[in-house]
Structures are given as C-alpha cells and as structure tokens.
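Everything on this sheet refers to the single structure shown next.
Protein chains: 2
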Amino acid sequence: MRADALRNRERLIEAAREVFREQGYDASLDEVARRAGVGAGTLYRHFPSRDVLMDAILQSWVDRVNDAVDKVLVHEGAPRDLLLSWFETYVALISMHKGGPAKITSAMGDESSPIVTKCQVLSAATQRVVDRLEEEHALRDRIEAVQMCRLVGGVASVADNSDLDRAAVRPLLEVIADGMLA
Amino acid sequence: MRADALRNRERLIEAAREVFREQGYDASLDEVARRAGVGAGTLYRHFPSRDVLMDAILQSWVDRVNDAVDKVLVHEGAPRDLLLSWFETYVALISMHKGGPAKITSAMGDESSPIVTKCQVLSAATQRVVDRLEEEHALRDRIEAVQMCRLVGGVASVADNSDLDRAAVRPLLEVIADGMLA
DNA sequence: CAATATACGGAGACACTCTCCGTTTGGCAA
DNA sequence: TTGCCAAACGGAGAGTGTCTCCGTATATTG
C-alpha cells in the first residue's frame, strides 16, 4: 500500500472515531471525510460502507474487550456478582457511541456482517464468563452465550435510545442475571 | 375540517400503513404521499413529522392492545405462563413493522414523544398484568411495569434487527420471566 | 529521471426531507 | 344558483446525505 494511502486511511479512522463519538453512528460520512481532510472518493475507496469503517474503528477495541473480561474473571465473588459485573462491563463496551448497541447486537448472529469478527470477540469473552459459571454449576441449563449477548445487548439498545443512566439499567440487568442463575 | 382534507388524511394513513408494513418505519415519506396520491406538502401539513403519522397509524392499534391484554388475563394458569403469554403478545404487538419495537420502546419514558399516549396504553396493559401477579404474590419486590416494557421491548428490538423467529425469542423471554418471578 | 501503477478529489447524479407559495376548491351566504 | 374566500392542495426547489466516476496528481520502481 502506498504511503499516502496508508496515511489517509489512518486519518479517516481517527476522524470517524471523533465524529461517531460526537454525533453517533448515523453521522454523515462526508463530514468524516471533511474532518479527515480528504475527498469523499477517498473515504469510499478505503471503506466501501459505513460498517467497514465501523470495523476499522473497532480494531483497537478488541484489546479493551479482552482486558475487560480478564479483569472481571480474576475477581473472586458470588456468581451473581460476577455475572452482573460482566453485564455492566458489556453494556459499557458496546455503548461507545449512539447507535452502537443496536449495531453490534444486530450483527451478533450475522455471518456476513463486516463487523462479524468483532462480535465474535465479544461473544468469546462472554463464553468465558459462561464457562466459569458452569464450572461452578451456577447457571441454569441451556443458557448460551449468544442469548446473554442478545439480552444484555437489548437492554443496552433500549438504554441507548432512551438515554437511561446506569442506575436505571442496573435493575434490568439484575432481572436477567437472576433469570439465568440456578 | 373540509371534506377533501379529511379524505386525504385517511388516504395518507392507509398508505402509510401499507408502506411501513412493506418497508419498515424508515420508509420514504414521499413514497407514502405518492402512494396516497397527494403532494408532499399535503402529507407534511397533516403530519408534521414521521412520529405524528406513526401516532395516527396506531389509533386503531389501541383497541388491539386492550383486547389482547383482556384475553391474556382471563386465562387461568401458573403465573409463569401468564407472564410469558403476555410477553409473547407484547412482542407481537410492537413488532407490526420493522423499526417498530425500537421506536415504541424508546418513546416509553419520553413525555414529549408524539406517540406517548400509545405507549401509555401499552404500559397500562402491562400494569394490569403486574397487578394481577402481585395479587398472587408471584412477583419479586420492586418489579415495575416500565421495567418489563423495557426488557421485553429490548428483546423485541433485537429480534427485529436480527430477524429472529419466535423460537429464538422464547428462551430470552423465559429468562426475563424467571428473573421477575418470586 | 522517466514511466506507470496507484491513489486522490470533488463535481454531480440520485434520493430523501421539508417548505413555500401560486393555484384550486369546498362550503356558505346571499 | 351563484359568487366569494378561507382552507387546502401540490409540486418545484432548497438543503443535506450517499456514493460514483473519471480527469488529475503523485509515490514508487528501474
């Protein structure tokens, strides 16, 4: 890849991070190009769709997910606390910008989504939590990681759309946790 | 109101119902006007925003909600069955067209939303289910109707976005029900 | 220092939202 | 019935966003 192409690619990702953070996932892509100081054509050549750009933005986010689940898992405590701790972390991780929760959760089962690898990271992290809880026989039968992702993702989507704060989200997560624990 | 105005209003509502059912809540409003055989100006004069149009579409839906909760409540059975029965009904009611679950659920707490009265109907119906279950001391403490709406609405949103079928939604609703029952 | 493959940029086609205002019409009063 | 005019209509067009195309510029290679 040519040096100028690489440079523009980085600029676009940085600009997109900024713009999406400020204005949410539905922000104008022309605005992203403008902010990056490149033409619209350059943006679309590097990132044919909004989702592909999203995927690039989330590249570094993968590490954050893995760090977060590590941190949650080292903590000793009751299964309920572990589960709730992961749920709250999960919500925070997918709520980076407006529209994020719905976007990520809807891509969860979709093989053809450009951000599928990112969803797999999140899903794998959740699976580690599930495995731990199953070791301790703390979970009901037939509870799958993907269901957790959908339920918690659903709560995060609603919270995102309705501007709920952590205090309002907490009891919703508690219901889900209690419904999953043996 | 002049006769032609009334006629165009009805035509617009009918066209919107059609178009939203076919293409979801994000469908083009110009297309609605076209389908109704009126100019764009006429549409926007009658319905200044998409949400106001949505509200008009839902006028008849109010009766369906009330009938549905009546039907659910006459059924004798275990609290869990009652709750799940309402949850499935609820999901069906708000999933009339793509984008509906998110739209309705996000308006749930918003006093200024044009569809707030419709949300109140749904919320009141849910409250009746909550009241019944509390009579039977079947619910945990501090479970509120609005939380049910948010949780079930969240599941419906995810199902809507990911095209989940009833079989995939059912276990998610079961988790929520189990988390709410004493 | 060419030569050339690679990448750039932004004009412009197309779609959607919403407004403005010249034109038409329904309903009433004479 | 006729004439008036408030009420309603409609669609052109301004504003904004998506995405493509292709003439132009430049990084790299020999």
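The listed protein sequences correspond, in order, to chains A and B. Heads up, the first sequence is in my numbering, so the first residue is 44 and it goes up one at a time. Heads up, the second sequence is in my numbering, so the first residue is 44 and it goes up one at a time. Glycine residues also receive a C-beta, built at the ideal position from the N, C-alpha and C atoms. Fair warning: this is a prediction, and the values are worked out from it, not measured in the lab.
Nearest to residue i (by Cα), restricted to the options the options
i      : options                           : result
A:V173 : A:R107, A:V198 and A:L127         : A:L127
A:I186 : A:E53, A:M223 and A:R50           : A:M223
A:S71  : A:H140, A:D206 and A:R93          : A:R93
B:D47  : B:D113, B:V62 and B:T85           : B:T85
A:D113 : A:R171, A:E178 and A:A188         : A:R171
A:T148 : A:M191, A:A225 and A:G82          : A:M191
A:A225 : A:A210, A:E178, A:A135 and A:V212 : A:E178
A:E65  : A:V189, A:V218, A:M139 and A:P214 : A:M139
A:L189 : B:A211, B:A188 and B:V189         : Before going further, note that residue 189 of chain A is Val rather than Leu in the sequence given. Closest by alpha carbon: B:A211.
Proximal residues of chain A, C-beta to C-beta of residue i below 8 Å
i      : result
B:I219 : L194, V218, I219 and G222
B:V198 : R193, L194 and G197
B:S149 : V201, N204 and S205
Where residue i falls, given that 16 or more other Cβ within 10 Å makes a residue buried
i      : result
B:S103 : exposed
B:S155 : exposed
B:Q163 : exposed
B:G143 : buried
B:A202 : buried
B:L96  : buried
B:A233 : Because residue 233 of chain B is not part of the residues shown, which for chain B are 44 to 225, the question remains open.
B:T169 : buried
B:L176 : buried
B:A99  : buried
Alpha-carbon to alpha-carbon, residue j and residue i
i      : j      : result
B:N51  : B:L101 : 17 Å
A:A199 : A:M44  : 38 Å
B:Y68  : A:E119 : 46 Å
A:N116 : A:L125 : Note that residue 116 of chain A is Leu in the sequence shown, not Asn. Each residue's Cα considered, the two are about 7 Å apart.
A:L216 : B:R88  : 43 Å
B:A150 : A:A167 : 33 Å
A:P157 : A:K146 : 11 Å
A:V159 : B:P214 : 23 Å
B:F63  : B:V134 : 17 Å
A:G152 : B:L49  : 46 Å
A:L165 : B:G82  : 48 Å
B:K161 : A:E53  : 47 Å
A:D73  : A:K141 : 18 Å
Contacts of residue i in chain B (Cβ-Cβ under 8 Å)
i      : result
A:P214 : R185 and Q190
Interface partners of residue i on chain B, CB under 7 Å
i      : result
A:G152 : S205
Chain-ordered chain B contacts of residue i [CB-CB under 9 Å]
i      : result
A:A145 : A145, S200, V201 and N204
Residue i Cβ short of 8 Å to the ligand NAD heavy atom set
i     : result
A:Y68 : No copy of the ligand NAD occurs in the structure displayed, which carries no ligand at all.
### Task
Kindly confirm or deny that the stretch 54-68 of chain A and the stretch 76-86 of chain A touch, where touching means at least three C-beta pairs closer than 8 Å.
yes
### Task
Tell me, please, whether the stretch 127-137 of chain B touches the stretch 184-198 of chain B by the rule of three or more beta-carbon pairs shorter than 8 Å.
yes
### Query
Does the pairing of the stretch 206-216 of chain B with the stretch 176-183 of chain B give three or more beta-carbon distances under 8 Å?
no
### Message
Does the structure place the stretch 103-116 of chain A close enough to the stretch 83-93 of chain A that three or more beta carbon pairs sit under 8 Å?
### Response
no
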